[in-house]
Amino acid sequence: MRTPVVMTLGMVLAPCGLLLNLTATLAPGWRLVKGFLNQPVDVELYQGLWDMCREQSSHERHCNQPDLWGYFEAEPVRVARALMVTSLATTALGLLLASLGVRCWQEEPRFALAGFSGVVLFAAGLLSLVPVSWYNHFLADRTVLPADASPVTVHVSYSLVLGYLGSCLLLLGGFSLALSFAPWCEGRCRRRRKEPPGSPRRSSISTVHVDWPEPALPPAIKYYSDGQHRPRPAELGAARKPKAGFPMPRPQPGAFTNQLDVLRGEDAHSAGDSLGSTEPCHASLPCDSDL
């Protein structure tokens, strides 16, 4: 059996989402801060969940910068750490279940297990989308995410974009795998319809059968009310009663023994028509046409 399209799509999107979320979690690029006073104009500071890196236009990057404003103690950063790590672990679990359910090495997939893995991956996408959205909401709020005062400016960095993309891919891949529940439910319902019921069902009012006593009817009425038009097979062997009444007389068929009897009554008409005579031919005397 070929692997369904929904399973193939889910197995492609979910690993991509895992890779993007892993990069977004580890890379120090959630927020870009630049425009420092008493610093070169090209100095930029990349802030992430675990590290800070200072970079200049000469592409010299120095990480492990000291946290002068208490950035790592901010609530969105701590919540994002916990939820992103949880999302990564949940994604790994979902991919493990999906690989066992989709089973490219077996004849038929396990639709129930594949659908459950889709639910797990969808939950992982939500776990990563929540911290990314929350962090982006307070990105420019210096009271929640500390930073230097103006003229220092803050901008969205690449890790936040990767977090959005990874979360969306996980949501799409999980939803695609969750559609595997449809064939599983269909097969389960088909098996239920084929199985005999374990206990007799309670009939409804519309299906109650009432045995009313059959009224005593005369034989003629009973015969026609039953929709019969001939005697029953059990009554065929019974002696038939003589019919009442008198038979109607029927004319006996004529027995012709000679030529005159056969042509009786016909030669007179034919002779009268041919000769114009009105005298009938007698049976004892031959007519002119017979001579």
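For the record, in the sequence shown the residue sitting at position 37 is 37 according to UniProt numbering, with numbers rising by one throughout.
Note that beta-carbon positions come from the ideal geometry of N, C-alpha and C, so glycine has one too.
Treat the numbers as computed from the prediction; the structure is a model and nothing was measured.
Distance between beta carbons of residue j and residue i, contact taken as under 8 Å
{"i": "LEU171", "j": "PHE122", "result": "6 Å"}
{"i": "LEU32", "j": "SER157", "result": "4 Å"}
{"i": "GLU55", "j": "GLU73", "result": "Between GLU73 and GLU55 the Cβ distance is about 23 Å, and since that is not below 8 Å, they are no contact."}
{"i": "GLY101", "j": "ALA124", "result": "Not really, about 16 Å apart at Cβ, beyond 8 Å."}
{"i": "ALA114", "j": "LEU177", "result": "6 Å"}
Three-state secondary structure assigned by DSSP to residue i
{"i": "THR153", "result": "strand"}
{"i": "ARG2", "result": "coil"}
{"i": "VAL41", "result": "coil"}
{"i": "GLU55", "result": "strand"}
{"i": "LEU172", "result": "helix"}
{"i": "LEU13", "result": "helix"}
{"i": "LEU32", "result": "strand"}
{"i": "HIS282", "result": "A caution first: HIS282 carries a pLDDT of 47, below 50, which makes its placement in the model too unreliable to give a value."}
Residue closest to residue i, alpha-carbon to alpha-carbon, out of the options
{"i": "ALA14", "options": "SER128, VAL161 and ALA147", "result": "SER128"}
{"i": "LEU126", "options": "VAL12, GLY17, THR8 and LEU9", "result": "GLY17"}
{"i": "LEU160", "options": "TYR46, LEU68, MET7 and GLY70", "result": "TYR46"}
{"i": "GLU167", "options": "GLU44, ARG110, THR23 and ASP51", "result": "Here residue 167 turns out to be Ser, not Glu, going by the sequence shown. Nearest option by C-alpha distance: THR23."}
{"i": "LEU97", "options": "ARG2, GLY10 and PRO4", "result": "GLY10"}
{"i": "TRP134", "options": "TYR164, VAL119 and GLY118", "result": "TYR164"}
{"i": "ARG2", "options": "ASN21, GLU108, LEU37 and CYS63", "result": "GLU108"}
{"i": "ALA27", "options": "HIS137, SER180 and ASN64", "result": "ASN64"}
{"i": "VAL119", "options": "THR153, LEU139, ARG110 and GLY173", "result": "GLY173"}
{"i": "THR8", "options": "LEU139, SER99, SER57 and LEU162", "result": "SER99"}
{"i": "TYR71", "options": "LEU162, ALA140 and MET84", "result": "ALA140"}
Pairwise C-alpha distance: residue j and residue i
{"i": "SER150", "j": "THR91", "result": "40 Å"}
{"i": "VAL6", "j": "GLU60", "result": "45 Å"}
{"i": "LEU145", "j": "THR25", "result": "17 Å"}
{"i": "TRP69", "j": "ASP148", "result": "8 Å"}
{"i": "PRO4", "j": "THR86", "result": "29 Å"}
{"i": "ARG81", "j": "VAL130", "result": "12 Å"}
{"i": "VAL41", "j": "GLY35", "result": "6 Å"}
{"i": "GLN39", "j": "VAL79", "result": "32 Å"}
{"i": "ASP67", "j": "VAL12", "result": "39 Å"}
{"i": "SER180", "j": "VAL132", "result": "29 Å"}
{"i": "residue 340", "j": "GLU75", "result": "Examination of residue 340 is not possible in this model, given that the chain is present from 1 through 291 alone."}
{"i": "VAL77", "j": "LEU20", "result": "18 Å"}
{"i": "HIS137", "j": "HIS155", "result": "12 Å"}
{"i": "PHE111", "j": "PHE175", "result": "14 Å"}
{"i": "ASP51", "j": "GLN106", "result": "45 Å"}
{"i": "ARG103", "j": "PRO183", "result": "16 Å"}
{"i": "LEU37", "j": "THR153", "result": "11 Å"}
{"i": "HIS62", "j": "CYS53", "result": "5 Å"}
Unbroken stretches of the beta strand (DSSP E), 3 residues or longer, contained in the region 94-160
153-156
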